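In our numbering, the protein residues as written are 4 to 314. Beneath this line is the structure, given in structure tokens, with notes to follow.
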Ligand SMILES: Nc1nc2c(ncn2[C@@H]2O[C@H](COP(=O)(O)OP(=O)(O)OP(=O)(O)O)[C@@H](O)[C@H]2O)c(=O)[nH]1
Ligand SMILES: [Mg+2]
Ligand SMILES: [Zn+2]
């Protein structure tokens with residue numbers, strides 16, 4: 004997982020005279036929706052690979068809308084590893100991640116939060132936590148988990164009652180003034196509900212899940228990412244919920260650099276991985292047990308993936 008410098012298209016061709024520049028706001032199978040100052044246009048991919056947030060060049064194509072002819076190098080890439088080990092780019096050119104959580108339903112998962120924090124930081128993205136569904140109350144153990152991660156900026160809102168939304172709106176306009184921020188998180192936490200609440204005048208936000216059809220069933224209401232411009236400036240990306248999340252291209256040794264709670268840890272050996280019982284390791288003294296356990300789980304999982312990939 005790295006920011007910048009990647010070139011997804013197969014080499015840059017000479018610029019055509021009639022080329023126009025735009026930004027991908029949605030992928031629809033073999034087509035993409037491209038936005039430019041004149042509006043939105045559906046373009047054929049024609050061999051190029053693009054994701055939401057990509058800066059692209061396209062030309063008019065008679066009868067079919069447009070044709071994509073190039074994808075610009077990405078400044079950042081949000082990536083994850085899928086179930087069979089392939090790296091998937093989820094979105095390009097983001098400025099940050101808004102990790103959306105719910106305190107009660109679906110059940111709060113601190114481990115997933117940590118994965119997103121590490122993923123964002125390792126990709127050169129900012130990260131904030133938004134606790135939605137405040138109307139359901141915040142149990143003590145969730146308060147504790149949030150306090151342990153207070154080095155990450157946190158906002159509390161309710162898409163249902165509107166509580167905190169004005170603060171979120173203002174914060175988003177500022178955060179995403181240079182680059183879009185993506186709403187990520189477990190299915191059912193209310194990502195699409197938040198987009199709908201932030202953009203009440205739009206009628207194309209996409210479906211909001213019925214309460215019963217969510218967590219546990221593996222069903223995700225939102226099936227593809229979509230970029231929305233905010234009226235007060237900035238832009239956000241709604242994304243499909245996920246159950247597990249393995250960051251792409253992050254090595255096990257890098258996890259400690261980005262994990263919350265490890266800022267002051269200096270062990271006897273500089274390459275200490277903070278595993279249980281490691282000689283001269285001070286992590287047990289300095290890192291709260293919950294964070295250390297979560298760290299070790301993520302670290303060990305990446306080690307296992309690395310061992311599987313070794314020839
Ligand atoms: N009580 C309460 N329910 C909410 C709130 N926000 C959303 N919900 C409900 O939570 C359920 C899931 O909302 P969605 O917006 O579809 O969740 P999502 O995160 O977009 O889910 P995926 O698209 O599957 O990833 C819906 O039934 C919403 O009505 C809230 O602030 N309070
Ligand atoms: Mg959704
Ligand atoms: Zn250590």
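C-beta atoms are modelled at their ideal positions from N, C-alpha and C, and glycine is treated no differently. Bear in mind the structure is a predicted one, so any value in this text is a computation, not a measurement.
- Sequence-distant partners of residue 176 (beyond 5 residues in either direction) whose C-beta falls short of 8 Å from its own C-beta, in its chain, are 233, 235, 236, 237.
- The beta carbon of residue 161 is closer than 7 Å to those of 135, 136, 137, 138, 167 in its chain, skipping five residues each way along the sequence.
- A distance below 8 Å between beta-carbons, with the five flanking residues on each side excluded, links residue 299 to the following residues of its chain, in chain order: 277, 278, 279.
- Shortest Cα-Cα distance from residue 181 to any of 129, 293, 111, 295 involves 129.
- With fewer than 16 neighbouring CB atoms inside 10 Å of its own CB, residue 49 falls in the exposed class.
- Look at residue 171 here: in three-state DSSP terms it is helix.
- Counting only runs of at least 3 residues, the segment 21-80 fully encloses the following beta strand (DSSP E) elements, listed from N- to C-terminal order: 23-31, 34-39, 42-47, 58-64, 68-74.
- For the 7 Å CB-CB criterion, residue 58 and residue 22 do not form a contact.
- Across the structure, residue 192 and residue 65 are spaced so that their CA atoms are roughly 42 Å apart.
- A distance below 6 Å between beta-carbons, with the five flanking residues on each side excluded, links residue 156 to the following residues of its chain, in chain order: 131.
- Counting C-beta atoms within 10 angstroms of its own C-beta, residue 307 has fewer than 16 neighbours from the protein chains shown and is therefore classed as exposed.
- According to the DSSP assignment, residue 231 belongs to no alpha helix (DSSP H) but to the beta strand (DSSP E) extending over 229-232.
- Bounds of any alpha helix (DSSP H) do not take in residue 101; it lies within the beta strand (DSSP E) bounded by 99-104.
- The residue from 92, 229, 153, 75 with its alpha-carbon nearest to that of residue 35 is 229.
- Contact between residue 185 and residue 240 holds, since their C-beta atoms are separated by about 4 Å, short of 8 Å.
- Residue 212 and residue 183 have their C-alpha atoms some 24 Å from each other.
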